[in-house]
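Presented below is the structure to which this report refers.
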Amino acid sequence: MLELRLVQGSLLKKVMESIKDLVNDANFDCSATGFSLQAMDSSHVALVSLLLRSEGFEHYRCDRNLSMGMNLGNMAKMLKCAGNDDIVTVKADDGGDCVTFMFESPNQDKIADFEMKLMDIDSEHLGIPEAEYEAIVRMPSAEFARICKDLSTIGDTVVISVTKEGVKFSTRGDIGTANIVLRQNTSVDKPEEATIIEMETPVSLTFALRYMNSFTKATPLASQVTVSLSSELPVVVEYKIAEMGYLRFYLAPKIEE
Amino acid sequence: GPKQCTITKFFNKL
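In order, the protein sequence lines correspond to chains A and B. The working numbering puts the first residue of the first sequence at 26, with every later residue one more than the last. The working numbering puts the first residue of the second sequence at 169, with every later residue one more than the last.
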């Protein structure tokens, strides 16, 4: 028996809107630790890792570990029917073939339940090694989204370079080139507007902007995004989910042969 | 131009 009650149901709505276009089907894993998902996009270039810790739920019951295969597009359709202020409860029976999403309005005057069929998904779980990243950039998530969107109107790939001068996002295309440099900025009044650059070693990596733009659909989840770079590793674009966990996107680099 | 790598090149299957 599984029963997860999330007062801030909008978080789950936002998570689904962030990943449904990147991953078609995925297994949601439930354990005592929390509600999690790891999935690659169909071309195995990007990987999504989601964790919602059990402590973040108002009620969390998971009698035994359960893996539920879901079509994320269909799950997003159902969660879209929840109001932004609704409390969302996810329910499933052990060994059952469906999952129920229950939506309660804040004053309990509307209660809806949506039942969705589960599916068998053969997914490979990858071991993500703990890494010391050469550079970690923390910046406003809206700024990161803006940069990815702007650059994708010029070119298809972005070169992200971190030096002691700052972080540079560059692209080139048929019409010309673009470079955007952000410097560390901790002097702002609000911490969510800060840009913080931690650099051990200068690093420069090339990525497909199409994927970066897809990741930025998670912008409503967090005011800040963390971009972690190492020369021989996929970039990690992380959105923290308030008090509960994270949504991380890993993107393999483009490498000159 | 540079060639797109896959995630599985970096992370091992469990």
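All C-beta atoms in this analysis are idealised placements derived from N, C-alpha and C, irrespective of residue type, glycine included.
{"Item": "Report all residues from its chain with a CB closer than 7 Å to the CB of A/Pro-259; omit the five preceding and five following residues, and keep chain order.", "Value": "Tyr-275, Leu-276, Ala-277, Pro-278"}
{"Item": "Short check: CB of A/Pro-245 to CB of A/Lys-39, under 7 Å?", "Value": "yes"}
{"Item": "In terms of residue numbering, what span does the beta strand (DSSP E) encompassing B/Phe-178 cover?", "Value": "Run containing B/Phe-178: none; DSSP gives neither H nor E here."}
{"Item": "Note down, in chain order, each residue of its chain lying with its Cβ closer than 7 Å to the Cβ of A/Ala-67, except the 5 sequence neighbours on either side.", "Value": "The sequence given here has Ser at residue 67 of chain A, not Ala. Taken in chain order, the residues that qualify are Asn-49."}
{"Item": "Under 6 Å Cβ to Cβ from A/Arg-208, same chain only, skipping five residues before and after it: list those, please.", "Value": "Gly-191"}
{"Item": "Just mark A/Ile-136 as buried or exposed, buried being the case when its beta carbon has 16 or more other beta carbons within 10 Å.", "Value": "exposed"}
{"Item": "Verify whether the separation of the beta carbon atoms of A/Tyr-85 and A/Ser-79 is less than 7 Å.", "Value": "yes"}
{"Item": "Which chain B residues sit within Cβ distance under 7 Å of A/Val-70?", "Value": "Gln-172, Thr-174, Ile-175"}
{"Item": "Nearest-angstrom Cα distance between A/Ile-280 and A/Glu-83?", "Value": "45 Å"}
{"Item": "CB A/Arg-163 to CB A/Thr-251, shorter than 7 Å?", "Value": "yes"}
{"Item": "Verify the CB distance criterion: does A/Pro-216 have a CB-CB separation below 7 Å to chain B?", "Value": "no"}
{"Item": "Could you give the first and the last residue of the continuous beta strand (DSSP E) run that contains A/Val-228?", "Value": "228 to 233"}
{"Item": "Counting beta carbon pairs with one atom in the region 230 to 241 of chain A and one in the region 141 to 155 of chain A, are three or more of them shorter than 8 Å?", "Value": "no"}
{"Item": "Any idea what DSSP makes of A/Asn-96, helix, strand or coil?", "Value": "strand"}
{"Item": "Hey, A/Gly-81 and A/Glu-263: beta-carbon distance below 7 Å or not?", "Value": "no"}
{"Item": "Would B/Lys-177 pass as a contact of A/Glu-282 if the rule is Cβ separation under 7 Å?", "Value": "no"}
{"Item": "Below 8 Å on the Cβ atoms is my contact criterion, and I expect A/Leu-31 with A/Cys-55 to pass it. Report the Cβ-Cβ distance as a whole number of Å.", "Value": "That belief does not hold up - the Cβ atoms of A/Leu-31 and A/Cys-55 are roughly 13 Å apart, past 8 Å."}
{"Item": "List, from N- to C-terminal side, the alpha helix (DSSP H) runs of 4 residues or more that fit wholly inside the region 238 to 282 of chain A.", "Value": "none"}
{"Item": "Does any residue of chain B have a CB that is nearer than 7 Å to the CB of A/Ala-277?", "Value": "yes"}
{"Item": "Once you ignore the five residues that flank A/Ser-253 on each side, which residues in its own chain have a CB closer than 6 Å to its CB?", "Value": "Tyr-158, Ile-161, Val-261"}
{"Item": "Taking C-beta pairs closer than 8 Å, name the residues in chain B that A/Leu-151 reaches, listed in chain order.", "Value": "Ile-175, Thr-176, Phe-179, Asn-180, Lys-181, Leu-182"}
{"Item": "How big is the Cα-Cα spacing for A/Met-95 and A/Gly-201?", "Value": "43 Å"}
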